[in-house]
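Quick note on numbering: the working numbering labels position 38 of the sequence shown as 127, and the sequence is numbered without any gaps.
Heads up: the structure comes next, in structure tokens.
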Amino acid sequence: MNPKKIAKNPSLAYTSNPDYRKPPKIANPYLQCLGAPHIDSFNYMLQDGLQAAIADLLPSEFELPGGERVKITIDEAGFAKPSVPMEAVGVKNQIVLPTECRQRAATYKGDFKIRLTIKIDEKSITVDRSLGSLPIMVKSKMCHLADLSPEELVQHNEHADEWGGYFIVKLHTKHAEGTSRGGPTFLPRVPFVLGKDVPAQTV
């Protein structure tokens, strides 16, 4: 087909195709590769990364005025999928989707919770606590769009080839940028202290 002919004579003939407007059965693999490195990194943090961080934490130990010895240990940590708080009134669907956050200029976030073991002398109790909310990466394991087919993504008001790998923070999309292979990860600069030059420092 001659591209010049297409440019001079645009047509709507393709709209009569039976498959027009139907999302593909499989997402474009080349587009999915754009977000895959960031999603894999975030998913690693959700599981192995958090567990490794907890393993490096030392228990907090102290003594109460009455002489009792207290030891506090963090046993588990994890994220919850974005959802409406349980105490909200009149909510039919607790799930929060990325599209809703874009429309409301909100942050696509989930609760970050930890499980503590508090030992007072020989008695131990387990307590669950929320440390607040943190942004959830789109299409990560904690995202409601994870593992959805193109057709299901369209049903959730997303692009059929949505590749994820970014955060939604108060409407704005925050992309995680990686350094190029072999590129610098820091830049030298020469600060001026009291009006005098000092040797360059890497920061």
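The C-beta atom is built at its ideal place from N, Cα and C for all residues, glycine as well.
Opening and closing residue of the beta strand (DSSP E) in which residue i lies
i, result
"P174", "Segment: none, P174 is in no beta strand (DSSP E) and carries neither H nor E."
"I257", "255-258"
Inter-residue Cα distance where the pair is residue i and residue j
i, j, result
"A235", "H245", "12 Å"
"I225", "Q192", "17 Å"
"S213", "R204", "13 Å"
"V292", "R158", "The predicted model places V292 with a pLDDT of 36, which falls under 50 and marks its position as unreliable, so this point remains unresolved."
"T206", "E150", "12 Å"
"Y119", "L146", "40 Å"
"A102", "E241", "27 Å"
"G253", "I209", "46 Å"
"R218", "S105", "57 Å"
"K160", "P148", "6 Å"
"T162", "N132", "24 Å"
"E152", "D164", "21 Å"
"I115", "L260", "28 Å"
"G199", "M231", "8 Å"
"D243", "K181", "Per the sequence shown, the amino acid found at residue 243 is Val instead of Asp. Distance between the alpha carbons of V243 and K181 is about 21 Å."
Opening and closing residue of the alpha helix (DSSP H) in which residue i lies
i, result
"S130", "118-133"
"R191", "187-193"
According to DSSP, residues forming a beta bridge with residue i
i, result
"P184", "One detail in the question is off: residue 184 reads as Ile in this sequence, not Pro. DSSP lists S172 as partners of I184."
Quick one: complete beta strand (DSSP E) runs, 3+ long, within the segment 132-162?
149-152
Three or more C-beta pairs below 8 Å linking the segment 177-187 and the segment 114-134:
no
As an exercise, report each continuous beta strand (DSSP E) stretch of at least 3 residues that is fully enclosed by the segment 194-248, in chain order.
List check, beta strand (DSSP E) in window: 198-209, 212-224.
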